[in-house]
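A short worksheet on the structure shown next.
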Amino acid sequence: MSMESISQLYNKLKPFLAVFLLQLGYAGLAIVSKFALNKGMSQHVYVVYRHAIATVVIFPFAIVLDRKKRPKLTFSVFVKIALIGLLEPVIDQNLFYTGMKMTTATFATAICNVLPAFSFAMAWIFGLEKVYLRRLRGLAKVLGTIVTVGGAMFMTLVNGPMLNLPWTRGNGHQESTSSANKQDVIKGALMMLAGCVCWSAFIILQAITLKSYPAELSLTVLICLMGTLESSILAVAMEWGNPTAWSIHLDSKLLAAVYAVIWNHPSALEIYQNKILESGKVMKEDIYKIRNKVNTILNEEFLASKDYVQQRRDWLSSHWSGFKSREQLSRILNTGVKPEILKNVGKAITRFPDNFKPHRTVKKVYEQRAQMIETGEGIDWAVGEAFAFATLLVEGNHVRLSGQDVERGTFSHRHSVVHDQETGGSIALWTMLS
1 MSMESISQLY NKLKPFLAVF LLQLGYAGLA IVSKFALNKG MSQHVYVVYR
51 HAIATVVIFP FAIVLDRKKR PKLTFSVFVK IALIGLLEPV IDQNLFYTGM
101 KMTTATFATA ICNVLPAFSF AMAWIFGLEK VYLRRLRGLA KVLGTIVTVG
151 GAMFMTLVNG PMLNLPWTRG NGHQESTSSA NKQDVIKGAL MMLAGCVCWS
201 AFIILQAITL KSYPAELSLT VLICLMGTLE SSILAVAMEW GNPTAWSIHL
251 DSKLLAAVYA VIWNHPSALE IYQNKILESG KVMKEDIYKI RNKVNTILNE
301 EFLASKDYVQ QRRDWLSSHW SGFKSREQLS RILNTGVKPE ILKNVGKAIT
351 RFPDNFKPHR TVKKVYEQRA QMIETGEGID WAVGEAFAFA TLLVEGNHVR
401 LSGQDVERGT FSHRHSVVHD QETGGSIALW TMLS
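In UniProt numbering, the protein residues as written are 1 to 434.
See below:
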């Protein structure tokens, strides 16, 4: 199999791998949550902590990334957010984790497979999804819904205790119960199924709300905040007189709450991708093409690296004949300036206005620079760079720095832009050269 065919196969399998990793994360969340619940953590308190941490973690991203598109929060949107918070963080997760406490993490993860079916059915009812039964695509949707719901019910009946129906004699089937948690699989399954219905309603209502409040991260923060407040009321009522239920330490309880937030938070790539899509400058197809192209190149190079053997001839000068030397690229010029000019420029770029209050450490750096320029001794790289930029500006040339951390300098050596510690204002002494 050639490298190109392997790369094409990988690109085809990539969506399935992504879904697999997503489900793996959800499985890990279920296991960690179940472990915390088995250790005695209240499921109602767990829901509160989970959404409180989520609110704190996502809030800074929402403030920065949604600042240009965040619409005004109207009363109707607020009501929708309150209802969304009630459906998913409060009703759904309290039912779901109560059901999980009665069953197992594996069972809870399996029950979640009915979520797409419920979401599809509700979207169909509310007119958000069109189904044409005479078409193969429409029949596939309906059959898929039936299979997922049937599979969840099959999981319940096979792993759960025997139902004492009129035509059964109740023999040969051992109940799957635990004396520690008094598991009741049927009751737990019904709770989780009811939670999935609320989860589906949450997805539908969230999609509707996004049309009138198209700021995804801000909406997420508001939902988590509302869910925290509403679930706190429920948790206080359910754990009344039990203050120890709210205690949390550096153990599995804290791990479960933090794990849920980290796993559900979008990656940096997803945030950036959504941002440029919202700008309208690129389409989804463009992003997919770029990602596929980059992945193809990286995969080909990675596969080629396994068989790569370094050759001495790769470093012969003949292999570099196409590259121009520095003499060919630019003429060697005399860039020196007179000492008087350097001293005058040096004074200008090391003297702050009288009413400016820099940080004491930065102020000391500038005082040391002024001393170097005055005496001509101990001039370091930062002063040399400052001289180069400043003299170019004095001669009428433009100087533009771009990249990460160019104001302060990668090694905190430049400090070209200094901030006033009292007013919060900033100043770039280079721009004040006349």
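The beta-carbon is built from N, C-alpha and C at its ideal position, and this holds for glycine as well. None of the values given here were measured: they were computed from a predicted structure.
- Under the DSSP assignment, residue 94 falls in the alpha helix (DSSP H) whose first and last residues are 93-102.
- Distance between residue 215 and residue 68, taken at the CA atoms: about 9 Å.
- Here DSSP, grouped into helix, strand and coil, assigns residue 419 to strand.
- Straight-line spacing of the CA atoms in residue 43 and residue 97 works out to 6 Å.
- In the three-state scheme derived from DSSP, where H, G and I count as helix and E and B as strand, residue 426 is classed as strand.
- Under the three-state reduction of DSSP, residue 334 is assigned to coil, being neither helix nor strand.
- Look at residue 86 here: in three-state DSSP terms it is helix.
- Following the DSSP letters along the chain, one finds residue 294 inside the alpha helix (DSSP H) bounded by residues 284-306.
- The alpha helix (DSSP H) runs lying completely inside the UniProt domain "Transketolase-like pyrimidine-binding" (378-422) and spanning 4 residues or more are 381-394, given in chain order.
- Under the three-state reduction of DSSP output, residue 314 falls in the helix class.
- Around the beta carbon of residue 5, fewer than 16 other beta carbons lie within 10 angstroms, which makes this residue exposed.
- DSSP, reduced to helix, strand and coil, places residue 123 within a helical segment of the structure shown.
- Shown here, residue 268 sits in a helix according to DSSP, grouped into three states.
- Of the candidates 225, 219 and 412, 225 places its Cα closest to the Cα of residue 55.
- Looking only at 299, 273 and 414, the smallest Cα-Cα distance to residue 287 is reached by 273.
- In this structure, residue 304 sits away from residue 433, with a CB-CB distance that is not shorter than 8 Å.
- Residue 69 carries a coil assignment under DSSP once its states are collapsed to helix, strand and coil.
- Taking the Cα positions, residue 362 is about 21 Å away from residue 344.
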